[in-house]
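Residues in the sequence shown are numbered consecutively from 1, following full-length UniProt numbering.
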Amino acid sequence: RITEVIPESGIDDLTVLVLVNTIYFKGHWKSQFPAPNTKMDVFHKANGETCQVPTMYQESKFHYAFIAQDKVQVLELPYKGDDITMLLVLPSAGMPLEEVERDLTSEKLQGWIDSMKEMSLFVYLPRFRVEDSFSLKEKLRKMGLEDLFSPENARLPGIIAEGRTDLYVSEAFHKAFLEVNEEGSEASAATAVTISGRSFPLNRKIFNANRPFLLFIREAALNTIIFMGRIADP
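1) Which two residues bound the contiguous beta strand (DSSP E) that contains residue 123?
2) Rounded to the nearest angstrom, what separates residue 6 and residue 148 at their Cα positions?
3) What are the boundary residues of the beta strand (DSSP E) that includes residue 235?
4) What do you reckon, are the CB atoms on residue 205 and residue 118 nearer than 8 Å?
5) Does the pairing of the stretch 87-105 with the stretch 50-59 give three or more beta-carbon distances under 8 Å?
6) Which term fits residue 33, buried or exposed, when burial requires 16 or more other beta carbons within 10 angstroms of its beta carbon?
7) Return the chain-ordered list of same chain residues with a C-beta closer than 8 Å to the C-beta of residue 279, the five sequence neighbours on each side being excluded.
8) Once DSSP output is grouped into helix, strand and coil, what is the label at residue 31?
9) State the DSSP-derived secondary structure class of residue 9, mapped to helix, strand or coil.
10) Out of 127, 26, 29, 8, which one is the CA nearest neighbour of residue 39?
11) Could you compute how far the alpha carbon of residue 141 sits from the alpha carbon of residue 65?
12) Give me the residue from 43, 130, 53 with the minimum Cα distance to residue 175.
Have a look at this one:
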């Protein structure tokens, strides 16, 4: 899915070495969303605008929590094999996603995960595809890696011949791709979409991701986040 990591302008006559790190993930939901359930529904963007998006639906048992003090719903969708899961963080209506992101810490996220319990849920989730690329150079420099990008101060003794001191990192690029549909993440099955209305079930737990939310793909056994992102306009 990712065929070009480095743009043409990223390599010039002074380039000596290119290091590329890639990760690819393709997973199928443990409980798939039935394709006939997918219908066009309204998604509320952060700027107040709305759009129609194909929205998947299923009823099943999932690990879920409503965190009243933080005004978020947290839902875990497992992939087949149970070792990889997608964690969704949905702010309550009227709660800006930016505020949730600003206050989010690894400790808080772990607390949300620990508070989840298995229960029957009605889950509404838009199909979406995310593809983005950007330079990491300034972000890494702001994190303190100034010398790495400095021709005068960079020291890379572990990857160059002994005695050579003229190498430095000129640029760092990142590119990501994520697609989520009825079968799972990065699946390629075609699905028909119908346009109709919905009525929500009464007195049942509902997770309706019809507004901006966060997602984390994590390895459950090691409790390690593999991917993370924000869905603001599917």
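Ideal placement from N, C-alpha and C gives every residue a C-beta, glycine not left out.
Reading it off the structure:
1) 117-126
2) 19 Å
3) Outside the shown range of the chain (1 to 234) lies residue 235, about which nothing can therefore be said.
4) no
5) no
6) buried
7) No statement about residue 279 is possible, as the shown extent of the chain runs from 1 to 234 and does not include it.
8) coil
9) helix
10) 127
11) 37 Å
12) 130
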